[in-house]
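Worksheet: one structure, shown below.
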Amino acid sequence: MLLTPGDPRYPALLGVIASPPSVHVRGAIVAADGLAIAIVGSRRASTYGLEVAERLAFDLAARGVTIVSGLARGIDAAAHRGALAADGRTIAVLGCGIDVVYPPENARLMRQVEERGAVLSQFPPGTPPLPYNFPTRNRTLAGLALGVVVVEAGERSGALVTAGYAGDLGREVFAVPGRITAEESRGTNALLRDGAILVRNWADVVQELPDMWRSAVRGPRHAGNESARPSIQSEEGRVLALLRSDEPIHIEALITGAEISPARAAAALVGLELGGWARQLEGQRWLAAAVHGEGRTPSGDP
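For what it's worth, my numbering labels the leading residue of the sequence shown as 114, then goes sequentially.
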């Protein structure tokens, strides 16, 4: 299927960038894919990078976030796998024709992405994976997402090109910190030095989303132990202990009371909100929300 700008089926986020490309699509693009985050990084990723990419993609996809990546070896493939493991949606953006499998070992993964999301290319069918296709592909990849998370990248990584396009397009740029002595972390650490948003978990990403998309993030589909009350030793537990159901508390008071940084308090509140333990009122004021076993519902009034 070929989609051109202006077609109602054309990806909404991509349609608002300058000179959006026509794209060939296998699978389906849906309205919910507007809540999308790209996860990219090195093809020669470390075990740490692969684990972080897969876990981050899993946690975001389980909360309704579509994961966009490039189907490349390493971090890209791990991001797609994480989204699929969470029964979430994922979109692969190719640097070759829609009918060309590259790299060849990702043929099965490509089929799975098509079944559970979409495979997309701006290049004519049959186009080989030529080196100069990928910078062009990276701009499209960035245009499909609200932000780009770089998990690992060397100093000349294509992932940095994607991050650069994200900044140019007005999208958020995130980076996962790595060891200062590791070659595969030099690019990501440089992004952090230059102002990228530091990512330690899914909440660091969600809290930076525009309000309309942040409100679309849901509680985890695979809750596991996350439905249990947060431990008082955790940051979420310390913040929750300060909240009351009958009297809103401003975030500044929570930061002081929990003795954590503003960024960590914001991340903890995002986690509590999605878990049904807290809800936000106007003016950065927070209440303890109705939760399991306390006679109220997460969306109800206290």
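Every residue, glycine too, gets a C-beta built ideally from N, C-alpha and C.
Which residues DSSP lists as bridging residue 116, in chain order: 136
Segment limits, beta strand (DSSP E) that includes residue 177: Run containing residue 177: none; DSSP gives neither H nor E here.
Selection from 365, 392, 381 that minimises the alpha carbon distance to residue 357: 392
Secondary structure, alpha helix (DSSP H): runs of 4+ residues fully inside the segment 222-288: Taking only runs of at least 4 residues, the alpha helix (DSSP H) segments lying wholly in the segment 222-288 are 246-256, 271-281.
CB contact flag (residue 168, residue 195, <8 angstroms): yes
Three-way DSSP call (helix, strand, coil) for residue 294 in this model: Judged by DSSP in its simplified three-state form, residue 294 adopts coil rather than helix or strand.
Sufficient close CB pairs (3 or more, under 8 angstroms) joining the segment 118-127 to the segment 293-302: no
Boundaries of the beta strand (DSSP E) in which residue 355 is found, first to last residue: Taken as a continuous stretch (DSSP letters only), residue 355 belongs to no beta strand (DSSP E), being part of the alpha helix (DSSP H) at 348-355.
Per-residue burial, residue 330 [other beta carbons within 10 Å of its own, 16 or more giving buried]: buried
Among 325, 276, 320, nearest to residue 305 - alpha-carbon criterion: 276
Residue 214, enclosing beta strand (DSSP E) - first and last residue: Taken as a continuous stretch (DSSP letters only), residue 214 belongs to no beta strand (DSSP E), as it is neither H nor E.
Stretch-stretch touch, CB-based, cutoff 8 angstroms, three pairs: the segment 211-228 with the segment 236-248: yes
Status (buried if at least 16 other CB within 10 Å, exposed otherwise) for residue 116: buried
Counted within 10 angstroms of its Cβ, other Cβ atoms place residue 133 as buried (16 or more) or exposed: Answer is buried; the Cβ neighbour count reaches 16.
Neighbourhood of residue 203 by C-beta distance below 6 angstroms, restricted to the same chain and skipping five residues each side: Result list for residue 203: 180, 193, 196, 226, 230, in chain order.
Where residue 392 sits in the DSSP three-state scheme: strand
DSSP state of residue 158 mapped onto helix, strand, coil: coil
Closest by C-alpha distance to residue 294, when choosing among 287, 267, 308: 267
Residues bridged to residue 150 [DSSP beta-bridge criterion]: 180, 260, per the DSSP bridge assignment.
For residue 187 and residue 155, believed in contact at Cβ under 8 angstroms, the rounded distance: Yes, residue 155 and residue 187 are in contact; Cβ-Cβ is about 5 angstroms, under 8 angstroms.
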